[in-house]
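**Student:** If you're matching positions, the sequence shown starts at 1 in the UniProt record's numbering and goes up one per residue.
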Amino acid sequence: MPFVSPSTSMFASSRSHILSTPRTLTTSQQASLGATSSPNRNYDSLATNVARQPIATHATKLRCWVTPNDHCHKVVANDNQGFFFHGLAMLFGLATFLVIIASTFWRKQFGHRDEVALTPLVGEKGNLGYLPADAIAEIQEVAGRRALSQISRVPVEVPQDVSSEPILTSFLHSTSQAKGEEHTEAPVVLLHGFDSNCLEWRAIQPLLKNHGFQSYAFDILGWGFTERHPEIQDYSPEAKRIHFYNFWKQHLGSQPMILVGASIGGAMAIDFALEHPEAVEKLVLVAPQCFVDGVPPLPGPLAKVGIQALKSKWLRMQVTKQAYNIPDAEEVRDAMLLGRLHCLMDRYDESAVSFIQSGGYSVSKKVSQVSQPTLVLWGRQDQILAPEKYLDQLKARLPNAEYVWIEDSGHVPHCIQPEAWADAVVQFLRKP
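1) Between L341 and A147, is the Cβ-Cβ spacing less than 8 Å?
2) Nearest to A424 by alpha carbon, out of T374, E238 and D392?
3) Nearest to T169 by CA position, among D219, I204, C290 and R145, is which residue?
4) Bridge partners of F171, per DSSP?
5) Mapping the DSSP letters down to three states, classify L191 as helix, strand or coil.
6) Which two residues bound the contiguous alpha helix (DSSP H) that contains V131?
7) Is DSSP giving M257 helix, strand or coil here?
8) Spatial neighbours of residue 441 within its chain, please: C-beta separation below 7 Å, excluding the five flanking residues on both sides.
9) Please list the terminal residues of the continuous beta strand (DSSP E) segment that includes E402.
10) Which residue from R347, L128, E278 and S362 puts its Cα closest to that of S263?
11) Grouping DSSP H, G and I as helix and E and B as strand, with all else coil, what is W378?
12) Of the choices R228, E331 and P327, whose alpha-carbon is the least far from that of L344?
13) Can you give the beta carbon distance from H276 to Y235, rounded, assuming they're within the 8 Å contact cut?
14) By alpha-carbon positions, which one of K311, L398 and I232 ends up nearest to S354?
15) Using the Cβ count rule (16 or more neighbours within 10 Å means buried), how would you classify A422?
16) Any idea what DSSP makes of A186, helix, strand or coil?
17) Determine the DSSP secondary structure at A287, reduced to helix, strand or coil.
18) Could you name the residues of the same chain whose beta carbon sits closer than 6 Å to that of Q369, not counting the 5 residues immediately before and after it, in chain order?
19) Bridge partners of S163, per DSSP?
20) May I ask whether a heavy atom of the ligand GDP can be found less than 7 Å away from the beta carbon of D134?
21) How about H411 and Q383: do their beta carbons lie closer than 8 Å?
22) How is the alpha helix (DSSP H) around Y324 delimited, first residue to last?
23) Let me know if D392 comes out buried or exposed under the rule of 16 or more other beta-carbons within 10 Å of its beta-carbon.
24) Is DSSP giving E281 helix, strand or coil here?
25) Give me the residue from V260, W378, V332 and K282 with the minimum Cα distance to W314.
26) Which two residues bound the contiguous alpha helix (DSSP H) that contains A386?
27) I need the straight-line Cα distance from Q140 to Q255, nearest angstrom please.
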């Protein structure tokens, strides 16, 4: 079945438009930010004030940091795209039955687990109040709970045809500089994979900090913990780009950045770098989804059923094991739970259906136009985007890019081998 590229006509006149007139946040948004005065406060004061309480240690050694759940739509073999997407459609059609059976299986196999005493992280509205308390309570991994407590949300103004109200946008910010000092390095901005969130990068940010780089793990519009309120009109690739551009302009001061994209985040990074070359100093692509264009054009009711499958623990676990190339479900259980948290937020279903019906990303014909210095990282054992199929295509289109294998790693080398990943990236960034 041919892939349908998303229409861009509705944004033709507003791609680079930034609203110059400040808007007043809605009452619910002010409450979510904990605002008591003007919504137009300085950047630092807008970061969510989450209490950082001591967190108990987890006795079990965890090999994984977090799951990006990059490709919940890529459960079938990737050597035949036609078969792949027909299989996906069949999966969506059987999703309801599958989830019922899977839930029963999950409770029987994993319903009993040794409990570890943990300090509750659930804050009041405006902290972690947008996440269900019981879902957070399931997570035992210390690093993941700590990162959860550090998520910030700031309002981003966007053109009216994306949203008539500011969008509370979530991210993790890490800096190695003392307070008041200026950063001399370009900020590193990290884009997660398909239907993932900023926690995907929590193993990487401390390493970049140690090397002197500040970083922002950004939650893409429609995914992550970024707000999905009723005034948002669109979650297409172009809407995601416009939202990200305005975040960059309003909260990063239009400073050129190092843009990092993993999997479908790589497609977004390419799309953004071509549309706004002035914003991207260097590009880092991690197993980028460059040559799988679009998503299946599914009718609304079928798409909604499919979204329910995407939210299920069973399907998330299968994809997590495949992404990490780790067959033991218990070993990646916390990773799966962290990667699924954002699916439990309000209006997740609507945003996911909107993206599916937009046609998704189609960048294969644009890859050769990338002009920024580029580093490509790929896990040697990637089972989701097989390097033997896609890497040669990428080298043909980006012959001047640098290519680095991450050994003993699957589709998410930044999660599985963070030290090797960070070493390769820092070496690339230090080059003039």
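For every residue, glycine included, the Cβ atom is placed at its ideal position computed from N, Cα and C. Computed from a prediction, not measured in an experiment: that's the story for all the values here.
**Tutor:** Taking the geometry as given:
1) no
2) T374
3) D219
4) S152 and F218
5) strand
6) It is worth fixing the name first, because residue 131 is Leu in this sequence and not Val. Premise fails: L131 is in no alpha helix (DSSP H) and is neither H nor E.
7) strand
8) Only positions 1 to 432 of the chain appear in the structure, and residue 441 is not among them; the question remains open.
9) E402 to I406
10) S362
11) strand
12) R228
13) In fact, because the Cβ distance is near 19 Å, the residues do not count as touching under 8 Å.
14) I232
15) buried
16) coil
17) coil
18) L274
19) I232
20) In the structure shown, the ligand GDP is absent, as is every other ligand, since no ligand is present at all.
21) yes
22) K313 to Y324
23) exposed
24) strand
25) V332
26) Neither: A386 is in no alpha helix (DSSP H) and is coded neither H nor E.
27) 37 Å
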